[in-house]
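Visitor:
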Amino acid sequence: MGASGLEILINVVKMVAIFLLMVQLVPILVWVERRGSAFIQNRFGPNRVGPLGLTQLLADAVKFLFKEEFRPPKSIAFLYYAAPVVAIIPGALAFGAIPLSAPFTLELGGELVQFNFQSFHLGIGIVFVLGISSLGAYALLFAGWGSGNKYSLMGALRASAQMISYELALGLSIVGILLIYGTFSFDEMITAQQGPLRFMLMGKPIVVDFLPNWGIFYQPLGFILFFAATFAETNRAPFDLPEAEAELVAGYHTEYGGLKMLMFYIGEYGHMMVASALLVTFFFGGWDLPFGSEGVREAIGSSFLYSLVMHLVFMGKVLLFLWIFIWVRWTLPRFRYDQLMDLGWKTMLPWALFNTVATAAIVVLFNSQGGLS
Amino acid sequence: MTEVFIFYIFAALTVFAGLGVLLHPNPIMCALHLVAAMIGIAGLFFNLNAPFIAAVQIMVYAGAVMVLFLFVIMIFDLKEEGRGIFSYGALSNFLKILFAGLFSGLLLSSILFKISRFGYLIPDKTAPQFEVRNLAKVMFTDYVFAFEVLGLLLLVIPIGTVALSRIRGGTHAQ
Chain F
2 MGASGLEILI NVVKMVAIFL LMVQLVPILV WVERRGSAFI QNRFGPNRVG PLGLTQLLAD
62 AVKFLFKEEF RPPKSIAFLY YAAPVVAIIP GALAFGAIPL SAPFTLELGG ELVQFNFQSF
122 HLGIGIVFVL GISSLGAYAL LFAGWGSGNK YSLMGALRAS AQMISYELAL GLSIVGILLI
182 YGTFSFDEMI TAQQGPLRFM LMGKPIVVDF LPNWGIFYQP LGFILFFAAT FAETNRAPFD
242 LPEAEAELVA GYHTEYGGLK MLMFYIGEYG HMMVASALLV TFFFGGWDLP FGSEGVREAI
302 GSSFLYSLVM HLVFMGKVLL FLWIFIWVRW TLPRFRYDQL MDLGWKTMLP WALFNTVATA
362 AIVVLFNSQG GLS
Chain P
33 MTEVFIFYIF AALTVFAGLG VLLHPNPIMC ALHLVAAMIG IAGLFFNLNA PFIAAVQIMV
93 YAGAVMVLFL FVIMIFDLKE EGRGIFSYGA LSNFLKILFA GLFSGLLLSS ILFKISRFGY
153 LIPDKTAPQF EVRNLAKVMF TDYVFAFEVL GLLLLVIPIG TVALSRIRGG THAQ
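Order-wise, the sequence lines are chains F and P. The opening position of the first sequence corresponds to residue 2 in the numbering used here, with each subsequent residue numbered one higher. The opening position of the second sequence corresponds to residue 33 in the numbering used here, with each subsequent residue numbered one higher.
#1: Going by beta-carbon coordinates alone, are W215 of chain F and F284 of chain F separated by less than 8 Å?
#2: Check each candidate in F:V130, F:A162 and F:N236 and name the one with the smallest Cα separation from E269 of chain F.
#3: Closer than 7 Å by C-beta to A230 of chain F: which residues in its own chain qualify, once you throw out the five before and the five after it? Chain order, please.
#4: According to DSSP, is R199 of chain F part of a helix, a strand, or is it coil?
#5: Under 9 Å Cβ-Cβ, which residues of chain F neighbour P83 of chain P?
#6: Run through DSSP, which three-state label would P206 of chain F get?
#7: Quick one: Cα of K261 of chain F to Cα of Y253 of chain F, how far?
#8: Take T282 of chain F and list the residues in its own chain whose beta-carbon comes closer than 6 Å to its own, dropping the five residues that flank it on each side.
#9: From the DSSP output, in three-state form, read off F172 of chain P for me.
#10: Verify the contact flag: S148 of chain F, CB atom, against every heavy atom of the ligand SAM, threshold strictly below 7 Å.
#11: List the residues of chain F that A94 of chain P touches, going by C-beta distances under 7 Å, in chain order.
#12: M98 of chain P and A74 of chain P - do their beta-carbons sit closer together than 8 Å?
#13: Given 8 Å as the limit, is there contact between the region 88-96 of chain F and the region 61-70 of chain F, that is, 3 or more CB pairs closer than that?
#14: If A98 of chain F sits next to F129 of chain F, beta carbons under 8 Å apart, how far is it from one beta carbon to the other, in whole angstroms?
#15: Between which two residues does the beta strand (DSSP E) holding L113 of chain F run?
#16: In the DSSP assignment, what residue or residues form a beta bridge with F105 of chain F?
#17: Three or more beta-carbon pairs under 8 Å between the region 74-89 of chain P and the region 120-129 of chain P, yes or no?
#18: How many angstroms separate the CA atom of A362 of chain F from the CA atom of G177 of chain F?
#19: In whole angstroms, what separates the C-alpha of F101 of chain P from that of L53 of chain F?
#20: Using three-state DSSP, classify P243 of chain F as helix, strand or coil.
#21: Determine the burial state of Y175 of chain P: buried for a count of at least 16 other Cβ atoms within 10 Å of its Cβ, exposed for fewer.
#22: Which residue from F:E112, F:I89 and F:G149 puts its Cα closest to that of I133 of chain F?
#23: Could you compute how far the alpha carbon of V328 of chain F sits from the alpha carbon of G37 of chain F?
#24: So, with DSSP's three-state summary, where would you put L53 of chain F?
#25: Taking buried to mean at least 16 other C-beta atoms within 10 Å of its own C-beta, is L314 of chain F buried or exposed?
#26: Taking the C-alpha atoms as reference points, what is the distance between F224 of chain F and L279 of chain F?
#27: Hey, out of F:L309, F:V63, F:L321 and F:F79, whose CA is closest to A103 of chain F's CA?
#28: Okay, do the region 150-164 of chain F and the region 329-336 of chain F touch, 3+ Cβ pairs below 8 Å being the bar?
#29: In chain order, what residues of the same chain lie with their CB nearer than 8 Å to the CB of A43 of chain P, ignoring the 5 residues before and after it?
#30: Starting from V164 of chain P, find everything on chain F with Cβ-Cβ shorter than 7 Å and list it in chain order.
#31: Between Y307 of chain F and V209 of chain F, what straight-line distance do the alpha-carbon atoms span, to the nearest angstrom?
#32: How would you list, in chain order, the residues of chain F whose beta-carbon sits under 8 Å from the beta-carbon of V103 of chain P?
#33: When the Cα atoms are used, what is the spatial distance from F177 of chain P to N166 of chain P?
#34: Can you say whether V86 of chain F is buried or exposed, counting buried as having 16 or more other CB atoms within 10 angstroms of its CB?
#35: Taking only three categories from DSSP, how would you classify L26 of chain F?
#36: Give a yes or no on whether the minimum CB-CB distance between I107 of chain P and chain F is below 8 Å.
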């Protein structure tokens with residue numbers, strides 16, 4: 002792709018930084034999950050080690066690292082050890098392609114160089130992220146088949162059937178948003194969502210000053226479908242059938258312990274972060290502040306500091322969605338498997354198709370592309 | 033220079049994974065090798081400045097089709113399938129070699145034809161940056177008939193599958 006050595010080096014450094022960001026968020030999320038679940042279920046949760054139980058995570062990390070390493074004798078060694086690694090990589094790669102903040106410019110050797118706040122920039126970002134994150138299913142399949150355990154295998158079978166079913170609804174639910182913004186690029190999509198809500202209706206421009214120009218106002222149905230499908234894709238409750246502990250012990254990761262188990266956790270939270278970041282970028286304006294973005298830029302002045310502030314805005318939005326993921330997990334009961342399949346194929350897929358056709362018809366009839374008009 | 037380096041990495045991955053598909057005795061491992069081959073091909077597409085095709089290759093083949101393959105292979109009773117009529121015997125081997133030979137010949141002749149007409153297939157540095165817009169324009173104007181026919185063909189497959197499974201009594205057959 003015609004990249005110079007320096008460019009490759011910068012991208013690699015950024016990739017490592019974003020991977021570390023992802024990994025470092027996991028302990029905090031685990032803490033939030035434990036304390037949050039305790040709060041929801043009227044318990045205390047871990048509160049003994051350190052203030053608010055925060056250093057419980059350190060104790061856990063030590064435990065994970067020093068647990069005895071073992072492998073079930075009937076497992077397939079390559080698949081068994083590859084599965085936890087495969088669980089992490091797709092999430093990290095997909096997260097690297099999402100812009101986490103505004104691009105900033107720095108002076109390097111007398112030249113102004115623009116840096117993107119993401120590990121690599123792709124014009125077809127959305128297709129790439131969806132494609133890469135769909136590879137996460139292989140972690141579950143590797144683990145299920147490689148463990149040589151029937152519960153694991155059942156978990157892997159459920160995982161693969163579930164992934165295929167919900168990938169259709171997931172893909173179709175964002176076709177509406179693609180039609181409205183007419184781009185595959187995250188940057189263009191975020192640019193289109195800046196400013197107040199405005200669109201063309203019957204040839205007349207309509208501006209709503211008190212609402213931001215966010216995708217959710219154009220695609221409410223698409224948002225609901227995408228949100229529900231991401232729960233299934235990340236294997237979170239109420240769609241965590243692959244690890245249903247009441248039926249399958251622990252599903253695909255029955256035979257894993259210690260650090261390998263932790264890597265599955267990181268993978269799951271990584272996929273949650275990718276899903277939240279996608280939700281924010283598609284429907285909630287990405288890293289952009291709904292109002293006063295320009296004012297902040299002028300008040301700060303420095304391009305790099307502005308990027309950092311916008312990154313905090315983005316992470317705030319992402320953390321909000323991560324909290325909703327946790328909230329839902331401890332609120333809703335798990336689906337039965339036939340209910341899961343019915344919901345995917347008979348409810349979400351037809352609605353997603355309807356959303357696609359209706360959006361296409363409206364875009365063509367009223368010529369009302371949001372944001373771009 | 034980087035392109036050549038990346039090409040050899042992905043080419044090696046694709047070739048070794050392809051050999052694994054053919055030579056590994058376990059069908060699950062064959063399917064997993066095929067996934068690796070798909071990812072290798074996607075990497076080659078990326079290297080040829082065709083990121084859209086690369087991403088679609090990963091999303092459709094590695095992400096959806098191969099997951100379905102693995103699902104089906106895991107459900108099958110593989111020992112039973114191995115006793116099927118086309119799994120052993122001189123006739124079966126003859127047919128396998130015949131069709132593999134025909135297919136390789138077809139592939140080789142088309143590649144040789146391309147090279148003889150257009151020269152070696154190297155990425156064109158002067159070509160404009162790839163855009164999905166241009167791809168869509170070509171696909172939905174010049175080739176819209178072929179595109180629709182392909183869609184119809186794909187529609188026939190699920191209808192046929194449902195019809196066949198219903199003849200045998202559906203999911204509740206004994």
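Just so you know, even glycine gets a beta-carbon here, dropped at the ideal spot from N, CA and C.
Guide: Let's see:
#1: yes
#2: F:N236
#3: Y167, A170, L171, S174 and M349
#4: strand
#5: M2, L123, G124, I125, V128 and F129
#6: strand
#7: 12 Å
#8: F187
#9: helix
#10: Looking for the ligand SAM in the displayed structure turns up nothing, as the structure carries no ligands at all.
#11: L136
#12: no
#13: no
#14: 5 Å
#15: E112 to F116
#16: F:F116
#17: no
#18: 11 Å
#19: 48 Å
#20: helix
#21: exposed
#22: F:I89
#23: Note that residue 328 of chain F corresponds to Trp in the displayed sequence, not to Val. In a straight line, the C-alpha of W328 of chain F is about 7 Å away from that of G37 of chain F.
#24: helix
#25: For the record, residue 314 of chain F in the displayed sequence is Val; it is not Leu. Buried.
#26: 11 Å
#27: F:L309
#28: no
#29: G72 and L76
#30: I125 and F185
#31: 27 Å
#32: According to the sequence shown, residue 103 of chain P is Phe rather than Val. Result: L158, S161, A162 and I165.
#33: 17 Å
#34: exposed
#35: helix
#36: yes
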